[in-house]
Amino acid sequence: MRISKIVNRSYLEVNKYPRFDFKKKTIKPLNILKPLMYLLSVFEVKKRKSKVTKINFDKIKPPYFMFVNHNSFFDFKVATLTMFPTVGSNIVAIDGFINRELLLRAVGCIGKRKFTTDPHLIMNIKHIIKKKKGVVSIYPEARYSLLGTSSPLPDSLGKLVKLFDVPVLVLINSGHHLAQPVWNLRKRKVETSSTLTKLFDEEDLKKLSVEEINTKLKEAFYYDDYKYQKDHNILISEPFRAEGLHNPLYKCPVCGSEEHMNSKGTNLFCEKCGASWYMNELGGLEHPTKPFPHIPTWFEWQRQVVSFEIKNNKYHYEEEVMIESLPNSKGFYRIGKGKLTHSLDGFILTLDGLEEPLIKNRPLENFGAHIEYNYFGKGNLVSLSTERDTYYIYPINQKKSVTKLHFAAEELYTYTKAQLVEKKNV
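The opening residue of the sequence shown carries number 5 in this note's numbering; numbering runs sequentially from there.
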């Protein structure tokens, strides 16, 4: 079914539907499909004059991991061509399989529900790396970057690398967010570049601890597309360049309102106090007294506000929501209204008429939360998963920012983890 289509079903009906088969063994990408993968990638790569600089290796043979930062669908195209004709098995969220499961399985994709612990994922990685001697491509940030900057990486990444003991390549793409930001998917005329680094070989992994591996991965995954824009004097003149920016930049720095930011054309503005910012062609926001020459500064200020609320027990989110279920790759089913609560106790999602909650996650069960802006015309959402289902959760009041939930999930995880460490050290 079309993703934009609304199909109403009861929870009891959907609960009986077959689940996505994560146990099914992944295959290496079929050679017969590699020319198709090349053709689907090469035209945009050439159009954007994308160049890949390779560091710290001449040639490398599978098996190995390739870790990639994540800003847009264009990431997959660059990753496909970077090591072609060697093609990796991409780890793909279940929504990516909708209407194309057979094709994605044929090109070696491994399915996963975001931000869940999945033993079948490890088994499929082992099958490709150890038995098939293939390549596994992982996007460890697990969602598109909201403003073209680094996202937290899971602590389990170092354990994964140590477990399989094969080389690790890191592909960092620059300019992909500028070319098609997640908050407005209309493409911009932007040239891009990438850096492919062999970060670890087998000898490195034998010497390094899990903590040291994680530290090096986090350092390698530093990027900032707006800094890249200024450093390379990339001018973006599209007249719609600020439209949608109010979604990640939801809090007015002048009056403090969190429900009144909006955008149109080249302007970002607050409908409550009237403050307005002009987005110039170098990606800066101009204002008489509150300029933001570097957009991520505004973004990170919002994070600091949420962190303060959490640390001072002032954070609480509770909203009426519309819930859609994604049990398999056939599509979404709207199961009704409910309530989403997020507090220092974690996430709770309830469905009207159902006694038990659909989701009840403690803070350390979510190191992040997946959000979408105006998802296929249906609105902003936050997505939460169990082992059996993925719920796409749309606030009825669309003025309530899902970006704040994005920050809160990350900051609550960090805060709770720090509290546990502090207790152990007492």
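Beta carbons are placed, not taken as given, at the ideal position from N, Cα and C, and that holds for glycine.
All values reported here derive from a predicted model rather than from experimental measurement.
Candidates Leu175, Ile133 and His180: closest to Phe77 by CA position: The residue with the shortest Cα to Cα distance from Phe77 is His180.
Distance, Phe244 Cα to Asn271 Cα: Cα-Cα distance, rounded: 9 Å.
Per the DSSP calculation, Trp281 is bridged to which residue(s)? Leu272.
Note down, in chain order, each residue of its chain lying with its Cβ closer than 8 Å to the Cβ of Pro158, except the 5 sequence neighbours on either side. Hits under 8 Å: Pro144, Ala146 and Phe371.
Helix, strand or coil for Leu16, going by three-state DSSP, please let me know. Per DSSP, reduced to three states, the secondary structure at Leu16 is helical.
Identified DSSP bridge partners for His432: What is shown of the chain runs 5 to 430, which leaves residue 432 out entirely.
Cα-Cα separation between Phe119 and Ser154, rounded to whole angstroms: Here the C-alpha atom of Phe119 lies approximately 17 Å from the C-alpha atom of Ser154.
Buried versus exposed, by CB contacts within 10 Å (16 or more), Cys259: So Cys259 ends up on the exposed side.
Residue closest to Arg113, alpha-carbon to alpha-carbon, out of Lys29, Asn188 and Leu161: The sequence given here places Cys at residue 113; Arg does not occur at that position. Looking at the Cα atoms, Lys29 is the closest of the given residues.
Under 8 Å between the Cβ atoms of Gly152 and Asp235? Asp235 is positioned such that its CB atom lies no closer than 8 Å to that of Gly152.
Using a threshold of 8 Å, state whether the C-beta atoms of Leu150 and Thr394 are closer than that. For Leu150 and Thr394, no; Cβs fall outside 8 Å.
Residue of Asp349, His131, Glu247 and Leu253 minimising C-alpha distance to Glu415: Closest option to Glu415, Cα to Cα, is Asp349.
Which residues in the same chain have their Cβ closer than 6 Å to the Cβ of Thr344, if we skip the five residues on either side of it in sequence? Rather than Thr, the amino acid found at residue 344 in this sequence is Leu. Within its own chain, the residues whose Cβ lies closer than 6 Å to the Cβ of Leu344, once the five positions on either side in sequence are excluded, are Glu323, Val325, Leu353 and Ile397, listed in chain order.
N-terminal and C-terminal residue of the alpha helix (DSSP H) that Val194 is part of: Val194 -> no alpha helix (DSSP H), and no H or E assigned at all.
Selection from Lys334, Pro361 and Ala422 that minimises the alpha carbon distance to Asp99: For Asp99, the nearest C-alpha among the options comes from Lys334.
Close Cβ partners of Asn218 (< 8 Å) along its chain, the five nearest in sequence each way excluded: For Asn218, where only same-chain residues beyond five positions count, the Cβ hits under 8 Å are Leu157, Asp159, Leu161 and Gly162.
Beta-carbon separation of Ile375 and Thr199 under 8 Å? Contact flag unset, no.
Cβ pair Ser141, Asn94 closer than 8 Å: For Ser141 and Asn94, yes; Cβs fall inside 8 Å.
On the DSSP bridge assignment, give the partners of Leu34 in chain order. DSSP output for Leu34 lists no bridge partner at all.
Which residues in the same chain have their Cβ closer than 6 Å to the Cβ of Val165, if we skip the five residues on either side of it in sequence? So the qualifying residues of the chain are Val172 and Ile217.
Simplified DSSP assignment, three categories, for Arg338: It is a strand residue.
Do you know how far the Cα of Val186 is from the Cα of Phe411? Each residue's Cα considered, the two are about 16 Å apart.
Give a yes or no on whether the C-beta atoms belonging to Glu242 and Arg52 are separated by under 8 Å. Taking 8 Å as the cut-off, the beta carbon of Glu242 is found no closer than this to the beta carbon of Arg52.
Based on Cα-Cα distance, which residue from Tyr230, Glu247 and Arg366 lies nearest to Gly287? A check of alpha carbon separations from Gly287 across Tyr230, Glu247 and Arg366 identifies Tyr230 as the nearest.
Are the CB atoms of Phe303 and Pro252 within a distance shorter than 8 Å? In this structure, Phe303 lies closer than 8 Å to Pro252 by Cβ.
Residues of its chain near Ala413, where Cβ-Cβ distance is below 6 Å and the 5 sequence neighbours each way are ignored: Exclusion of the five residues before and after Ala413 leaves Asn370, Gly372 and Ala373 as the residues of its chain whose Cβ lies within less than 6 Å of its Cβ.
With burial defined as no fewer than 16 other Cβ atoms inside 10 Å of the residue's Cβ, what is the status of Gly138: buried or exposed? Taking all protein chains shown into account, Gly138 has 16 or more neighbouring C-beta atoms within 10 Å of its C-beta and is therefore buried.
Does the Cβ-Cβ distance between His124 and Phe26 come in under 8 Å? Yes; because the gap between Cβ atoms is below 8 Å, this pair is in contact.
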